[in-house]
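A.B. asks: In case it helps, UniProt numbering puts the sequence shown at residues 1 to 198.
Dropping a structure here in structure tokens format, bear with me for questions.
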Amino acid sequence: MEFEHLEAAWRSPANTPDARARAYLMEEVMKTLKARRRGELLLFLVPTIALSIFTAIAVRAIATGRTNLAQEWGSVAMLAVCWVVLGAVLVMGILLRHRGSTDSASMRDTLSALLAANRRARANVRIFWVMLPVFLTPMLVSVTQLREVGKASDRDAWQMLMVFGLALGASVAWNTGRYFGVMKPEQQRLERLLREYE
1 MEFEHLEAAW RSPANTPDAR ARAYLMEEVM KTLKARRRGE LLLFLVPTIA LSIFTAIAVR
61 AIATGRTNLA QEWGSVAMLA VCWVVLGAVL VMGILLRHRG STDSASMRDT LSALLAANRR
121 ARANVRIFWV MLPVFLTPML VSVTQLREVG KASDRDAWQM LMVFGLALGA SVAWNTGRYF
181 GVMKPEQQRL ERLLREYE
């Protein structure tokens with residue numbers, strides 16, 4: 001749904017669309033909200049599944065004795081940081097999910113729900129920014145430890161650092177672009193619509 005169409009209807013001279021137009025607008029807003037929630041769930045499930053697989057591999061390596069925790073604890077610290085970030089995202093999502101108005105007007109409730117979803121998405125990006133430096137330390141330590149115990153050559157270590165650096169750089173660019181290019185303008189539009197509604 002395009003917010004420009006919603007704003008145009010909102011600011012119409014009479015601001016009293018007929019029942020059919022109101023039903024259409026509500027349906028479009030609800031579709032947007034449902035699609036956003038599905039997207040959030042998918043974006044939460046993909047890293048959760050991937051992290052679960054990596055954790056299972058690490059546990060198996062430790063259980064079979066292929067990994068010596070005294071010398072290779074960096075990978076466990078890296079996994080722990082990832083689980084902490086995932087938990088923080090889940091907690092922020094739960095805390096911000098029902099934040100909004102208790103007004104009985106359905107359009108206001110829907111706009112408040114859209115704004116709450118926007119808050120959750122922005123909070124997730126801020127968590128990512130805060131945890132990025134925390135993640136980099138165990139990542140560098142784990143690559144160094146792999147090289148020191150002979151599981152990676154100097155060339156392998158540089159390749160790992162290059163791949164990690166490119167992936168993290170792309171992720172930072174994507175999240176920063178979405179935050180300032182999509183989420184902040186959407187937040188301002190929703191807040192303006194809610195103010196005008198009041």
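Ideal Cβ placement from N, Cα and C applies to all residues, glycine included.
Quick caveat: nothing in here was measured; it's all calculated off a predicted structure.
Helix, strand or coil for V149, going by three-state DSSP, please let me know.
C.D. replies: coil
A.B. asks: Are the segment 133-146 and the segment 53-63 in contact at 8 Å, needing three or more beta carbon pairs?
C.D. replies: no
A.B. asks: If we count the other Cβ atoms within 10 Å of its Cβ and call it buried at 16 or more, is S171 buried or exposed?
C.D. replies: exposed
A.B. asks: Is DSSP giving A70 helix, strand or coil here?
C.D. replies: coil
A.B. asks: Check whether the segment 86-97 and the segment 109-125 touch, using three or more Cβ-Cβ pairs below 8 Å as the test.
C.D. replies: Contact between the segment 86-97 and the segment 109-125 is present, because at least three Cβ pairs lie under 8 Å.
A.B. asks: Taking a contact to mean a Cβ-Cβ separation below 8 Å, would you say L33 touches A113 in this structure?
C.D. replies: yes
A.B. asks: Work out the CA separation of R37 and A117 for me, nearest whole Å.
C.D. replies: 8 Å
A.B. asks: Should V85 be labelled buried (16 or more other beta-carbon atoms within 10 Å of its own) or exposed?
C.D. replies: buried
A.B. asks: Under 8 Å by Cβ, that's how I've got M131 and V163 pegged, so tell me the actual separation to the nearest angstrom.
C.D. replies: Wrong, their Cβ atoms sit about 19 Å apart, outside the cutoff.
A.B. asks: By Cβ distance, which residues of its chain are closer than 6 Å to R147, with the 5 residues on each side in sequence left out?
C.D. replies: A157
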